[in-house]
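Chains as they are written, first to last, in my numbering: chain A, 1 to 325; chain B, 1 to 304. Backbone N, C-alpha and C fix where the C-beta goes; we use that ideal spot for every residue, glycine too. Because the structure is a prediction, the values reported are computed rather than measured. Take a look at the structure set out below.
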Amino acid sequence: MSSLLASLRTPRGLLTAVLLLALAILPLLTQAFDQRYLLSIGTRIVIWAIAAISLNMILGYGGLVSFGHAMFFGIGGYAVGILAHHGMASGWIQWPAGIAAAALWAALIGALSLRTRGLYFIMITLAFAQLVYYLGAGLEAYGGDDGLTISRSRFAGLLDLRDKASFYWLCFALLCATLWFCSRFAHSRFGLVIRGAKSNDLRMTALGFPVFRYRLAAFILSGAFGGLAGILLANEGAYISPAMMSWVKSGDLIVIVVLGGMGTLFGPLYGAIAFFALEESLPPLLDLGRRGWGEYWQIAFGPMLVLVALYARGGIDSLFGRRHD
Amino acid sequence: MDYLLLQVLNGVQLGLLMFLLAAGLTLTFGIMDLVNLAHGSLYMMGAYIAWTLIGWTDSFVLGALLALPATFALGVVVEAAVMRRLYARDHLDQVLATFGLILFFNELVRAVWGPAGKSISVPAFLAHTVEILPGVPYPAYRFAIIVTGGAVAALLAWLVARTRLGMLIRAGASNRRMIGALGVNIELLFSLVFGLGAVFAGLAGLMAAPLSSVKIGMGDDILIVAFVIIVIGGIGSIKGAFVAAMVVGQIDIIGRAFLPDLLKTFLSTSAASSAAPAISQVLVYVVMAGVLVWRPTGLFGQRS
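So this is what it looks like as structure tokens:
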């Protein structure tokens with residue numbers, strides 16, 4: 001706790017505190033200024049941040065470039081959707097089922113993919129994500145390509161997810177829990193092994209750590225939190241479809257992590273905010289230049305990614321100087 | 001029996017198209033150590049440029065022949081503008097930057113050619129069928145793809161195995177720094193190889209166009225399959241890419257052609273016909289996972 005307070009004195013800590021505070025009272029702000037639309041963007045930012053934090057555990061801390069993380073969106077989402085479709089609307093059943101399904105799938109494909117290195121790992125995770133994608137598209141009973149409108153999870157008496165503000169606060173609470181977990185992860189012995197294996201896995205093996213098993217455990221954890229994000233995403237739109245796990249979404253997640261700062265606790269959150277802020281602000285900005293340009297905002301966004309990759313490795317987090325942990 | 005033969009030929013035709021796409025990918029990875037997600041964008045650009053040029057020249061062959069140098073030029077420009085800066089970077093940077101290029105190209109196409117898909121019609125002189133066996137007709141255009149694809153594959157094999165450029169390519173694939181130290185102009189070599197890959201991708205794109213349609217993002221899904229192919233074959237191996245492309249082509253076509261009937265034995269007709277394409281897609285990834293478990297560096301990849 002005292003270290004938390006001490007970190008408030010640095011610009012990074014102060015900004016993060018202000019940011020978290022603003023996110024915490026976002027529903028009040030959007031209500032006060034009558035900007036309901038902003039609340040739905042805020043909800044998506046928070047959900048995507050949870051997914052990006054989970055990807056960051058293996059990508060940022062572990063150096064494992066998974067190009068298929070959106071598949072956990074799909075697994076979490078489809079677990080909710082399929083159960084809801086069969087009349088099992090209770091969140092107490094849906095949510096644990098979704099997280100368990102994501103963790104199980106992560107265990108299975110992690111055990112296979114972590115045997116490979118480098119480009120092979122990137123591609124095998126992408127391929128497994130495509131596999132899940134096509135399975136989802138082939139599930140004709142659950143909408144196939146078109147997807148399925150679902151009813152939101154029910155937590156009888158506790159809270160109503162149809163209420164936008166309470167759903168947002170639930171997502172925000174889960175974001176805080178994910179951040180807390182990730183910070184514990186990063187500083188635990190377990191996390192240190194994962195980070196050590198990123199810089200030199202041979203040495204970690206020589207030190208006697210079973211690197212494969214550690215990585216597999218991290219992969220499963222990451223998948224479970226990704227599944228949680230998928231559950232939230234399905235409830236946000238009351239809709240599931242294969243599109244939520246298309247490979248472009250996996251790419252977007254990587255973009256968010258790198259944009260925010262890999263291997264940093266709050267980086268994925270900064271990244272998610274920046275990503276959605278760009279997505280929302282680039283079209284009107286370009287329209288200022290000339291009417292109609294805004295529609296083609298990705299012409300500007302694409303080269304921005306190239307520039308980030310070339311010149312801004314540390315992401316937004318590095319703007320506040322080097323970290324001390 | 002005839003039906004089976006036709007499907008096998010369709011598989012060969014698809015495999016050859018995939019090989020053209022995969023060859024450039026495996027070369028750029030093998031030699032420049034570059035993960036180029038935007039390779040599918042070159043495939044798409046090849047098709048769109050060909051559509052425009054065919055419109056101008058009013059001739060499929062002339063338009064297609066002019067489109068090839070155009071995609072070569074595009075490849076060289078992309079290489080000089082972006083890729084060159086990425087060779088020394090790690091894979092994550094390459095993934096990120098080339099992902100950005102995909103967004104750029106998809107949107108560029110939407111701005112220039114509009115959101116609606118275009119179609120290139122099969123040239124008149126190929127709009128008939130040929131008898132590959134007595135009494136077994138086969139669309140001449142698909143047959144032309146097999147011939148062209150086979151010829152280009154043979155040309156590539158000759159280029160890599162028998163020419164000085166191929167020798168440098170192979171040397172570059174096994175030790176890039178060494179051939180630089182030996183005084184080979186690496187930058188020129190890399191530009192050439194990238195441009196060559198772009199031509200092959202563009203050729204695949206424009207040949208595939210009459211069979212489907214020219215649309216935004218057409219290169220993205222097929223690119224993932226091309227990656228699967230080079231991973232199965234072993235990254236950097238042309239031979240591996242060829243073998244894997246043939247295998248994947250057969251799996252895909254056979255899956256589409258025969259799975260529906262197989263599934264109908266225990267599923268409803270509509271469920272079977274919707275599940276079959278998905279399953280045949282899935283099958284490709286299952287094969288890849290199987291190969292990687294068995295050989296983590298692909299069929300013909302270098303052992304580490």
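Residue 304(A) belongs to the set of residues whose beta carbon lies under 8 Å from a beta carbon in chain B. Look at the segment 89-117 of chain B: the residues with a C-beta under 9 Å from a C-beta of chain A are 89, 90, 91, 92, 93, 94, 95, 96, 97, 98, 99, 100, 101, 102, 103, 104, 105, 106, 107, 108, 110, 111. Listed along chain B is no residue with a C-beta nearer than 9 Å to that of residue 264(A); the closest approach is about 15 Å.
Contacts with chain A at 8 Å (Cβ-Cβ) include residue 292(B). Bounds of the alpha helix (DSSP H) holding residue 270(A) are 267-289. Within chain A, no residue has its beta carbon less than 8 Å from that of residue 193(B); the closest one is some 17 Å off.
Taking the C-beta atoms as reference points, residue 176(A) is found no nearer than 8 Å to residue 53(A). Boundaries of the alpha helix (DSSP H) harbouring residue 205(A): 201-206, taken from the DSSP string. In the structure shown, residue 90(A) adopts extended strand secondary structure according to DSSP, grouped into three states.
Between residue 148(B) and residue 140(B), the CB-CB gap reaches or exceeds 8 Å. Annotated three-state conformation of residue 60(B) is helix, per DSSP. Residue 137(B) is bridged by DSSP to 131(B). Under the three-state reduction of DSSP output, residue 299(B) falls in the coil class, being neither helix nor strand. Per the DSSP secondary-structure output, residue 118(B) pairs in a beta bridge with 214(B). Under the Cβ distance rule, residue 87(B) does not count among the residues neighbouring chain A, no pair being separated by less than 8 Å.
Residue 270(A) has its alpha-carbon roughly 15 Å from the corresponding atom of residue 305(A).
By the neighbour-count definition (other C-beta atoms within 10 Å, threshold 16), residue 250(A) is a buried residue. Proximity to residue 163(A) across 266(A), 9(A), 236(A), 73(A) peaks at 236(A), based on C-alpha coordinates.
Annotated as distal: residue 168(A) and residue 190(A), with beta-carbon spacing of 8 Å or more. In the DSSP annotation of this structure, the continuous segment of the alpha helix (DSSP H) that includes residue 222(A) starts and ends at 211-237. Residue 172(A) is positioned such that its CB atom lies closer than 8 Å to that of residue 46(A). For residue 198(B), the closest C-alpha among the options 45(B), 125(B), 62(B) is that of 45(B). Taking a Cβ-Cβ cut-off of 8 Å, residue 169(B) has no neighbours in chain A, whose nearest Cβ is about 18 Å from it. Nearest in C-alpha terms to residue 49(A), of all of 73(A), 37(A), 28(A), is 73(A). Under the three-state reduction of DSSP output, residue 37(B) falls in the coil class, being neither helix nor strand. Taking a Cβ-Cβ threshold of 8 Å, the residues of chain A close to residue 296(B) are 115, 116, 117, 120, in chain order.
Residue 125(A) carries a helical assignment under DSSP once its states are collapsed to helix, strand and coil. For residue 281(B), the nearest CB of chain A lies under 8 Å from its own CB, placing it at the interface with that chain. Proximity of chain B to residue 296(A) at the Cβ level (cut-off 9 Å) is accounted for by 107, 108, 110, 111, in chain order. Using a Cβ-Cβ distance cut-off of 8 Å, the segment 63-78 of chain A and the segment 118-126 of chain A are in contact, since at least three pairs of beta carbons, one from each stretch, lie closer than that value. Looking at the backbone, the Cα of residue 49(B) and that of residue 172(B) are separated by about 31 Å. For residue 165(A), none of the residues of chain B pass the 7 Å Cβ criterion, the least Cβ distance being about 33 Å. Neighbours of residue 299(A) across chain B, judged by C-beta separation under 7 Å: 104, 107, 108, 111. Of all residues in the segment 57-83 of chain A, the ones placed with a Cβ closer than 8 Å to any Cβ belonging to chain B are 59, 65, 67, in chain order. In the structure shown, residue 256(A) adopts helical secondary structure according to DSSP, grouped into three states.
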